[in-house]
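Read top to bottom, the protein sequences are chains P and D.
Following the numbering used here, the numbering of the first sequence begins with 1 at its first residue and continues without gaps.
Following the numbering used here, the numbering of the second sequence begins with 1 at its first residue and continues without gaps.
Note that beta-carbon positions come from the ideal geometry of N, C-alpha and C, so glycine has one too.
Below you'll find the structure, written out as structure tokens, and then a few comments.
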Amino acid sequence: EAQVTQNPRYLITVTGKKLTVTCSQNMNHEYMSWYRQDPGLGLRQIYYSMNVEVTDKGDVPEGYKVSRKEKRNFPLILESPSPNQTSLYFCASSPEYTPGQGFYGYTFGSGTRLTVV
Amino acid sequence: GNSVTQMEGPVTLSEEAFLTINCTYTATGYPSLFWYVQYPGEGLQLLLKATKADDKGSNKGFEATYRKETTSFHLEKGSVQVSDSAVYFCALSGTSYSSASKIIFGSGTRLSIRP
């Protein structure tokens, strides 16, 4: 089944304890991205990657790191989590942009609900 | 910069009613436009898309037409069902190769359908 898999689904951690949320896609997609979803703020892009060589900041990158060593994986790293990073996180992937066809659209994972206390 | 504005919810309708959820956008160039749906406890699913002016995206009875002159992409369905209850997000992409994957989402509209 074609999908984006995130782990874990739920995570409670303490302030300052480094954590990694994994993301993997099995569709051979070039593009991958991380979003966070917060009540009243909607979905905001954290980082995106166009391929294994190009990764760039989204709208809210502070406090996050990403890594794209392989095409299929795009982990989100919180080096020193803080309570304001409590949120619902989504990983997404998409085929490559085609000028004549426009952006294909993201396929999203099921989400990771992170609580930082 | 680019932005998306969609009608605030919640929207509550009776089953078989006609649905319209308004979405307008601000962007330079010709972005691709999307509607996503999020069911409780799940991730977002792509519902439909349109890539150029006057394109109509459609899926599962939902439709939306890319209106360049009014910068709108309103979502419509002729007869809603209880199973359509969800949160709906309008979104747009950047307009160049380097910005295409910077998808910007509207704030979402919660739809509830009464039996």
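The ligand NAP heavy atoms versus the CB of residue i: any closer than 8 angstroms?
| i | result |
| --- | --- |
| P:V4 | Among the components of this structure there are no ligands whatsoever, and the ligand NAP is therefore not found. |
Put residue i into one of helix, strand or coil per three-state DSSP.
| i | result |
| --- | --- |
| D:N59 | strand |
| P:V52 | coil |
| D:S98 | coil |
| P:S110 | coil |
| P:V14 | coil |
| P:Q85 | helix |
| P:S94 | strand |
| P:V117 | coil |
| D:V80 | coil |
| D:I103 | coil |
Can you give the Cα-Cα distance for residue i and residue j, rounded to whole angstroms?
| i | j | result |
| --- | --- | --- |
| P:P95 | P:S24 | 14 angstroms |
| P:V117 | P:T13 | 6 angstroms |
| D:T125 | D:W35 | Any property of residue 125 of chain D remains undetermined from this structure, which presents chain D solely from 1 to 115. |
| D:V80 | P:V54 | 42 angstroms |
| D:R67 | D:R114 | 31 angstroms |
| P:V66 | P:P8 | 16 angstroms |
| P:N28 | P:L41 | 31 angstroms |
| P:V21 | P:D59 | 19 angstroms |
| P:Y97 | P:R44 | 20 angstroms |
| P:T115 | D:S32 | 34 angstroms |
| P:F90 | D:Y97 | 23 angstroms |
| D:S107 | D:I21 | 12 angstroms |
| D:A50 | D:P40 | 25 angstroms |
| D:C90 | P:L19 | 31 angstroms |
| D:V82 | P:S80 | 43 angstroms |
| D:G78 | D:T65 | 14 angstroms |
| P:G1 | P:N26 | For the record, residue 1 of chain P in the displayed sequence is Glu; it is not Gly. Distance between the alpha carbons of P:E1 and P:N26: 8 angstroms. |
| D:R110 | D:M7 | 10 angstroms |
| P:L92 | D:G57 | Checking the displayed sequence, the identity of residue 92 of chain P turns out to be Ala instead of Leu. Their Cα atoms are separated by approximately 21 angstroms. |
| P:N73 | P:E30 | 11 angstroms |
| D:T12 | D:D54 | 29 angstroms |
| P:I77 | D:K102 | 20 angstroms |
By alpha-carbon positions, which one of the options ends up nearest to residue i?
| i | options | result |
| --- | --- | --- |
| D:Y30 | D:S85, D:L19, D:T71 | D:T71 |
| D:T95 | P:P99, P:S93, P:Y89 | P:P99 |
| P:K71 | P:K17, P:Y48, P:K18 | P:Y48 |
| P:R131 | P:G16, P:G63, P:T15, P:Q101 | Residue numbering for chain P in the displayed model covers 1 to 117; residue 131 of chain P lies beyond these limits and cannot be assessed. |
| P:G111 | P:G102, P:D56, P:D38 | P:D38 |
| D:L48 | D:N59, D:Q6, D:P40, D:Y39 | D:N59 |
| P:L11 | P:Q3, P:E1, P:S87 | P:S87 |
| D:N2 | D:L111, D:F73, D:L92, D:S112 | D:L92 |
| D:E63 | D:S101, D:C23, D:Q38 | D:C23 |
| P:P83 | P:R68, P:G105, P:K17 | P:K17 |
| D:K52 | P:R113, P:Y104, P:F108, P:G109 | P:Y104 |
| D:S85 | D:L46, D:F18, D:S112 | D:S112 |
Check for me: the beta strand (DSSP E) holding residue i runs from which residue to which?
| i | result |
| --- | --- |
| D:E76 | 75-77 |
| D:R114 | 109-114 |
| D:S87 | Residue identity differs from the one stated: residue 87 of chain D is Val in this sequence, not Ser. Start and end: 86-92. |
| P:Q101 | Where P:Q101 is concerned, there is no enclosing beta strand (DSSP E), given that its DSSP letter is neither H nor E. |
| P:Q6 | 4-7 |
- [ ] Kindly provide the ranges of any beta strand (DSSP E) runs that are 3 or more residues long and lie completely inside the region 20-83 of chain P, ordered along the chain.
- [x] 31-38, 42-51, 54-57, 76-78
Open item on the list: Give the list of continuous beta strand (DSSP E) stretches no shorter than 3 residues that lie fully inside the region 5-73 of chain D.
Closed with: 11-14, 19-21, 23-26, 33-38, 44-50, 56-59, 62-65
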